Each structure stands twice: as C-alpha cells, then as structure tokens.
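Numbering (the working numbering), first residue to last: 844 to 1140.
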C-alpha cells in the first residue's frame, strides 16, 4: 500500500476525492536483477548460465567442473538477506549524476522521500513502508529515479549446484563474505559489505551502463553525508544510485495520477556470486544493485 500525504484521510477516500497526491513508497520485496555496481560489463544471471534449476531441490544442474569448463567466473543470483539504510528517493527529468568529474545535483529532480536518520529495509522477503512526500510533484515526464543509501549492505545467501554424481553441492556465505566449502547442505551466515570504491584504485563514480534482463541504465556516485562527491575512500558515507525509470520507460505524472508506488527488486540479480576460474567452486559472495519498478495509479 502507499501512504497518504494527509494522515487525516483514509487512503481509499483520499484517492477518490482529494486533489492532493499520495506519494508514499512501499518497498515490496520480490526480487529481480539490475546489475553490478562493481563492473562496467553486464553480468550473467545465474539462471542463464548454471543449467536447469530443479524446483524441488533449488539446485542448478551444472557441476563445478562444468562451470569451470564453461568459463563462468561470475553470475547474479538471489540473496536471502539484502539489508540497507535508505535516506532519500526522488524522480528526475534528466540524469542527476553528470559533469567531469561527476557530481550529483537535484536541480531537475523532485524529492519523493527524505529521512535524515535513514530507514532500514531488508529487500529479500519483507515489505517496508517509507515516509511520504511532503508535496505533490509537478506534472512532468520523469526519465530517471535516484536513491540515496548508506554505502554498507547486510547480506546473506547460498548457491546449490550438482555434485556431478547425482547429488547436490551447496555453498554458503560466511561472516566475511567468502564461501564455505562444498557440502551436501550448509547454513548461510550474515555478512556485511562496505562499498568505498568502484575500482581497485579509488574511483567514486560508475556508469551510466546498461544492465541485463531489461534492467535499464544505472549510474552511481559515492559521496559524503552531504551528497558531495567523495575525494577519498575514508570520506565515503553515502551511495547515490540513479536508474532509468522502469528500464527506460518514463514515469508520467499528470492530473489523472493519484499516487505512485515503487518496488525494489533483488530476485535473480541482487547477489553476486564469484567462482574459482580453475575449479568452478564458489568462493565469494557480494552485493548487486536492486531494480526499482514504478507504478502510478
């Protein structure tokens, strides 16, 4: 559900009778990939490169040896946990990350949610209501959306593949984001990832780059708490992510629109899984960007 901008009106009556605008956000968690903030190349989806998924066991049909033979070293899957702190969201008529060096500007944007202390949300299986917008955004065609989050993510996940002999090998996340050794079963452990650069040498900006599975275009910038481009890794406190709305389809706000909902998806893409190129064994887990889906009503 969306949250009315006027708490004295119930949502149903509000939509029918009010000329104001319901611009609250529901962060519903289903899950779908957008791509990697760590590499300019488009990552493969695990479901596309690891063989057939057995619905009853949750295991892919390829073995580690086959994964190595295929040359698969990375794919995007679904996390069991994807926790982050959201500080701000908004819509823009142009990409708010631009210039040289790249900076973030809200000149052509409208804020849809602001919470100075942040709102914690787990995108892997829950629904979280975020604060509503204070005012109705102007009628316009919005081609980009931005979100400001803390540059630290709480993660957890695992992967099941064939053991090559009719059984299953499962790999689970450890507290440092690495993987357990192959076992018939295991229990994934929470781990934390802090993003302070997009390259081995300090690089605070990424993209714009196209993402797989219709994920559209994404750009990102690492900033301080005032959303100013960070100059060192130690100075990074926020991540500003910018998405082409609905994979390139703009969000149109006009007089007939009563409200807007956004769904942040991480399924089949919110979790990066890295394989040993020699053995095909999983050895590392990490974060991937979520995909925002906007719906007007």
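We put the beta carbon where it would ideally sit given N, CA and C, even for glycine.
Predicted model only: the values in this text are computed from it and were never measured.
Inter-segment contact for the region 1104-1119 and the region 1130-1138 is present: three or more beta-carbon pairs are separated by less than 8 Å.
Residue 1005 is bridged by DSSP to 906 and 1011.
The C-alpha of residue 914 is placed about 28 Å away from the C-alpha of residue 1037. Contact between residue 1139 and residue 986 is absent: CB atoms are separated by about 14 Å, not below the 8 Å threshold. Pairing residue 898 with residue 1122 gives a Cβ-Cβ distance that is not under 9 Å. Annotated three-state conformation of residue 1035 is strand, per DSSP.
Secondary structure at residue 892: helix, using DSSP grouped into helix, strand and coil.
In the three-state reduction of the DSSP assignment, residue 946 falls in the strand class, which pools E and B. Taking C-beta separations shorter than 6 Å and ignoring five residues to either side along the sequence, the partners of residue 926 in its chain run 965 and 997, following chain order. For residue 1127, the enclosing beta strand (DSSP E) begins and ends at 1125-1130.
About 16 Å separates the beta carbon of residue 953 from that of residue 1070, a gap too long to meet the 8 Å contact definition.
The secondary-structure analysis by DSSP pairs residue 1122 with nothing; it has no beta-bridge partner. With 16 or more other Cβ atoms inside 10 Å of its own Cβ, residue 1005 counts as buried. DSSP places residue 981 in the coil class of the three-state scheme, outside both helix and strand.
Residue 964: member of the beta strand (DSSP E) spanning 952-965, first to last residue. In the three-state DSSP reduction, residue 1063 falls in the strand class (E or B).
Residue 1001 and residue 887 have their C-alpha atoms roughly 17 Å apart.
Going by DSSP, residue 1072 is part of no beta strand (DSSP E) at all; its letter is neither H nor E. DSSP lists no bridge partner for residue 1042.
In this structure, residue 934 places its C-beta atom within 9 Å of the C-beta atom of residue 1094. Residue burial is scored here from C-beta neighbours: residue 1111 has at least 16 other C-beta atoms within 10 angstroms and is therefore classed as buried. Cβ atoms of residue 1098 and residue 1021 stay farther apart than 8 Å, at about 54 Å.
Using a Cβ distance threshold of 9 Å, residue 962 and residue 989 do not count as a contacting pair. According to the DSSP assignment, residue 918 belongs to the beta strand (DSSP E) that extends over 917-920. Within its own chain, the residues whose Cβ lies closer than 7 Å to the Cβ of residue 1023, once the five positions on either side in sequence are excluded, are 1014, 1015, 1017 and 1029, listed in chain order.
For residue 1080, there is no enclosing beta strand (DSSP E), as DSSP marks it with neither H nor E. Taking 9 Å as the cut-off, the Cβ atoms of residue 1064 and residue 1085 count as close.
Residue pairing of residue 1115 in beta bridges, as defined by DSSP: 919 and 1129.
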